[in-house]
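Asks: Heads up: the sequence shown is residues 54 to 405, going by the working numbering.
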Amino acid sequence: MEGHPPTVPCRALLRDILRMSYRMMFMRIEREWRQMTGQRRVLLRRGQTRVRLAVFTGLLWLSGACQAFENYSCTAQWFDTDVDDSIGTRRGPDRTETCRKEPTPARTFGYRVVDGKAYWGITNTTRSSPCTAGGVGSMGQVLNPVCWLPRALQVHQTHEDRHFWLVSQDGTHFRTAPSAQAELTASQQDDLSRYAVDRTSVYYNTKKIEGADLETFEVFFPDGVLPHGNEYSFARDSRHLFVDGWSLPLFDPTEVTWLELPCMDDKSSMCRNRSIRAPILGRVVDDLLVLGKGTRPTLFKDLLKSDVTCSLDRVTVYCIIDRQRYLIDFEGVEPARLVLQDGQEITRDTSS
C-alpha cells in the first residue's frame with residue numbers, strides 16, 4: 054500500500070484538465086459564432102444597401118420611362134356661329150359633349166372639319182396633382198408620402214376645355230392656305246395653320262379675310278424684318294398685304310424703314326417693358342405704317358414729305374412731322390389716328 058500513489062489527486066487533476074478543455078472548446082465555439090454573426094450582419098447590411106440602391110434606381114428609371122398616372126376628362130363646346138357673335142351676344146354653346154383623349158397632344162388652336170362644316174377650335178388644358186399646392190399646402194406635401202415620389206409616379210388630374218366656332222359651311226373644300234415657301238420651320242407651320250381657304254373665301258383664325266383674292270393669295274414669312282421679332286403674321290395677294298388677317302395696300306415689308314422710338318422716361322428698364330405694349334412704326338416711301346398687336350394696322354398715306362422723329366412716353370407715341378407734334382392713338386381694333394397736340398384729329402386716306 055505504501056508504494057502506490059493515492060488515487061484521489063489524479064481524479065481531481067483529470068477533472069481540472071477536462072474542465073479547461075471544455076472551457077477552451079466553448080470559448081472557441083463562441084468566438085467562431087461571434088465571427089459568423091458579424092459576417093452575417095455585414096452581409097445583411099450589404100444586402101439592404103443593394104436593395105435600397107436597386108429600388109432607388111428603379112424609381113429613377115420609372116420616372117423617366119413611365120408616363121405619369123393620370124385621371125383625364127374633357128369637355129367640348131360647339132358654337133354654330135363665329136366667335137365675335139358668340140362672345141358679343143354672350144350666347145351659350147349650341148351643344149356640349151364629352152370628348153375623348155386624342156392619341157397625340159391636342160393643339161392649343163386649329164381648324165377641324167366635322168359633319169361637312171369647318172370650325173376653329175381652342176383648347177385650354179389644366180393639370181394638377183396633390184403635390185402642387187403652395188403656402189399652407191406645402192406642409193401637407195411634406196407629410197404626404199406620395200409627394201416624395203417622382204412626379205411621373207404621382208397621380209395627376211388633367212382636364213381639357215375645347216371650344217369650337219363655326220368658320221365655313223364648305224367643309225368639303227376647306228384646306229390650309231398655300232405658302233410662298235416650300236420648307237417651313239415648326240413655328241412657321243403653326244403660323245400657316247392659322248390660314249385656310251374654301252371654294253370662295255380665305256380665313257385667318259375665326260374670321261373671313263374680306264377682299265382677299267383666292268387665286269393669288271399666299272402666306273409668306275419675311276423673317277428678320279421686324280424690330281421686335283416675328284410677332285406678326287404676313288400674307289398677300291395681287292393687290293393687298295395682310296397683317297394678322299387685316300388688309301393694307303400692297304407693299305414689300307422688307308423695304309420698310311422702321312423708326313426708332315427712344316424713351317422720354319429716364320428709367321430705361323421701365324421704358325423697355327412699356328415698349329412691348331407700344332406700336333412699331335415704319336416708313337414706306339412717304340407713308341407712315343403703324344402696327345400694334347391686337348389693333349388693326351394703319352398706313353397713313355402721303356404723310357411724310359420730310360423727316361420724321363418719334364418718341365415713346367410710357368405707352369404713348371409722339372411724332373414730330375413738318376414741325377408739328379402728333380399723338381398716335383392706336384388703342385382698340387380700329388385704325389390708328391393722328392391727333393395734333395391742340396386736339397385736332399388729322400384724317401388721312403388709309404383705304405386700300
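Even for Gly, the Cβ is constructed at its ideal location relative to N, Cα and C.
Computed from a predicted model, the values in this text were never measured in an experiment.
When the Cα of Leu126 is compared with those of Thr178, Arg289 and Ile262, which residue comes out closest?
Replies: Within the sequence shown, residue 126 is the residue found at index 73, counting from 1. Position check: residue 126 holds Ser in this sequence, whereas Leu was assumed. When each option's Cα is compared against that of Ser126, the closest is Thr178.
Asks: Shortest alpha-carbon distance to Glu271 belongs to which of Cys152, His226, Trp299 and Leu245?
Replies: Here residue 271 corresponds to residue number 218 of the sequence shown, with the count starting at 1. Cα-wise, what sits closest to Glu271 is Leu245.
Asks: Between the region 360-372 and the region 273-284, can you find at least three pairs of beta-carbon atoms closer than 8 Å?
Replies: Taking 8 Å as the limit for Cβ pairs, the verdict is that the region 360-372 does not touch the region 273-284.
Asks: In three-state terms, what does DSSP make of Ala171?
Replies: For the purposes of this step, residue 171 is identified with residue 118 of the sequence shown, where counting begins at 1. Strand, per DSSP.
Asks: Would Met73 be called buried (16 or more neighbouring beta carbons within 10 Å of its own) or exposed?
Replies: Position 20 of the sequence shown, counted from the start, is the residue given in the question as residue 73. The residue is exposed, with fewer than 16 neighbouring Cβ atoms inside 10 Å.
Asks: If we count the other Cβ atoms within 10 Å of its Cβ and call it buried at 16 or more, is Arg144 buried or exposed?
Replies: As a position in the sequence shown, residue 144 is number 91, starting the count at 1. Arg144 should be labelled exposed.
Asks: Identify which residue in Asp305, Tyr285 and Val278 has its Cα closest to the Cα of Ser291.
Replies: Translated into positions along the sequence shown, residue 291 becomes position 238. Among Asp305, Tyr285 and Val278, the Cα nearest to that of Ser291 is on Asp305.
Asks: I need the DSSP call for Pro306, collapsed to helix, strand or coil.
Replies: Sequence index remark: in the sequence shown, residue 306 carries index 253 (1-based). In the structure shown, Pro306 sits in a helix (DSSP, three-state: H, G or I).
Asks: Can you list, in chain order, the residues of its chain whose CB lies under 6 Å from that of Leu303, leaving out five sequence neighbours each side?
Replies: Against the sequence shown, residue 303 aligns to sequence position 250. Closer than 6 Å at Cβ, skipping near neighbours: Arg292, His293 and Leu294.
Asks: Under 8 Å, Cβ to Cβ, is there at least one residue of chain C near Asp147?
Replies: The structure shown contains no chain C; it is built from a single protein chain.
Asks: Can you pull the DSSP bridge partners for Arg486?
Replies: This structure does not reach residue 486, given that the chain is present from 54 up to 405, and the question cannot be answered.
Asks: How would you label Thr149, buried or exposed, when you count the other beta carbons within 10 angstroms and need 16 or more for buried?
Replies: Numbered from its first residue, the sequence shown carries residue 149 at position 96. Exposed, since its Cβ has fewer than 16 Cβ neighbours within 10 Å.
Asks: Taking DSSP's pairing of strands, which residues face Thr178 in a bridge?
Replies: On the sequence shown, position 125 is the one that residue 178 refers to. Answer by DSSP bridge pairing, in chain order: Glu213.
Asks: Going by DSSP in three states, Arg81 sits in which element: helix, strand or coil?
Replies: By one-based count along the sequence shown, residue 81 stands at place 28. Three-state DSSP puts Arg81 in a helix.
Asks: Skipping 5 residues on each side, what residues in its chain have a beta carbon closer than 8 Å to that of Phe308?
Replies: Working through the sequence shown from its first residue, we reach residue 308 at position 255. A small correction: the amino acid at residue 308 is Glu; Phe does not occupy that position in the sequence shown. Excluding residues within five positions, the ones whose Cβ falls inside 8 Å are Val337.
Asks: To the nearest angstrom, report how far apart Ser139 and Ile175 are at their CA atoms.
Replies: Locating residue 139 in the sequence shown gives position 86, where the first residue counts as 1. Locating residue 175 in the sequence shown gives position 122, where the first residue counts as 1. Straight-line Cα distance between these residues: approximately 14 Å.
Asks: Please name the residue, chosen from Met77, Arg378, Ser300 and Ala171, that lies closest to Gly224 on a Cα-to-Cα basis.
Replies: Within the sequence shown, the letter at position 171 stands for residue 224. Of Met77, Arg378, Ser300 and Ala171, the residue nearest in Cα terms is Ala171.
Asks: Nearest-angstrom Cα distance between Ser364 and Ile381?
Replies: Taking the first residue of the sequence shown as 1, we reach residue 364 at position 311. Taking the first residue of the sequence shown as 1, we reach residue 381 at position 328. Taking the straight line from one Cα to the other gives about 11 Å.
Asks: May I ask you to check if the CB of Leu380 is nearer than 7 Å to at least one heavy atom of the ligand HEM?
Replies: Within the structure as shown, the ligand HEM is missing, as the structure has no ligands at all.
Asks: Should Asp366 and Phe353 be called a contact, given that it needs their Cβ atoms to be closer than 8 Å?
Replies: Translated into positions along the sequence shown, residue 366 becomes position 313. Translated into positions along the sequence shown, residue 353 becomes position 300. No. Outside cutoff.
Asks: Using three-state DSSP, classify Val220 as helix, strand or coil.
Replies: Mapped onto the sequence shown, residue 220 falls at position 167. Val220: strand per DSSP, three-state reduction.
Asks: Assuming Val220 and Trp173 are in contact, meaning their beta carbons sit under 8 Å apart, how far apart are those beta carbons, in whole angstroms?
Replies: On the sequence shown, position 167 is the one that residue 220 refers to. On the sequence shown, position 120 is the one that residue 173 refers to. Sure, about 5 Å apart at Cβ, within 8 Å.
Asks: Identify the continuous beta strand (DSSP E) that holds Ser232 and give its terminal residues.
Replies: Mapped onto the sequence shown, residue 232 falls at position 179. It is not in any beta strand (DSSP E) - Ser232 carries neither H nor E in the DSSP assignment.
Asks: Using the three-state DSSP reduction, which class does Val136 fall into: helix, strand or coil?
Replies: Within the sequence shown, residue 136 is the residue found at index 83, counting from 1. Looking at Val136 - three-state DSSP - the assignment turns out to be helix.
Asks: Quick one: measure Cβ to Cβ for Leu344 and Val392, integer angstroms, because I've assumed they're closer than 8 Å.
Replies: The residue given as residue 344 occupies position 291 in the sequence shown. The residue given as residue 392 occupies position 339 in the sequence shown. Wrong, their Cβ atoms sit about 18 Å apart, outside the cutoff.
Asks: Which residues in the same chain as Gln222 place their Cβ atom closer than 7 Å to its Cβ, once the five residues preceding and following it in sequence are excluded?
Replies: On the sequence shown, residue 222 is found 169 positions in, with the first residue counted as 1. Counting only Cβ-Cβ distances below 7 Å, and skipping sequence neighbours, we find Lys170.
Asks: So what's Gln241 in DSSP terms, helix, strand or just coil?
Replies: Walking along the sequence shown from the start, residue 241 turns up at place 188. Here Gln241 sits in helix by DSSP.
Asks: Relative to the alpha-carbon of Ile373, which residue among Arg390, Ala389 and Gln394 has its alpha-carbon at the smallest distance?
Replies: Position 320 of the sequence shown, counting from 1, holds the residue named residue 373. Minimum Cα distance to Ile373 is reached at Gln394.
Asks: Quick check on Ala239: buried or exposed, where buried means 16 or more other Cβ atoms within 10 Å of its Cβ?
Replies: Indexing the sequence shown from 1 puts residue 239 at position 186. The residue is exposed, with fewer than 16 neighbouring Cβ atoms inside 10 Å.
Asks: Return the CA-CA distance between Ala389 and Pro350, expressed in angstroms with no decimal places.
Replies: Translated into the one-based positions of the sequence shown, residue 389 becomes position 336. Translated into the one-based positions of the sequence shown, residue 350 becomes position 297. Taking the straight line joining both Cα atoms gives about 7 Å.
Asks: Could you check how far apart the C-beta atoms of Thr310 and Trp218 are, in whole angstroms? I think they sit under 8 Å.
Replies: In the sequence shown, counting from the first residue as 1, residue 310 sits at position 257. In the sequence shown, counting from the first residue as 1, residue 218 sits at position 165. In fact, because the Cβ distance is near 39 Å, the residues do not count as touching under 8 Å.
Asks: Are the beta-carbon atoms of Glu123 and His212 separated by less than 8 Å?
Replies: Reading the sequence shown from its first residue, position 70 is the one you call residue 123. Reading the sequence shown from its first residue, position 159 is the one you call residue 212. No, the pair does not count as a contact, with Cβ atoms beyond the cut-off.
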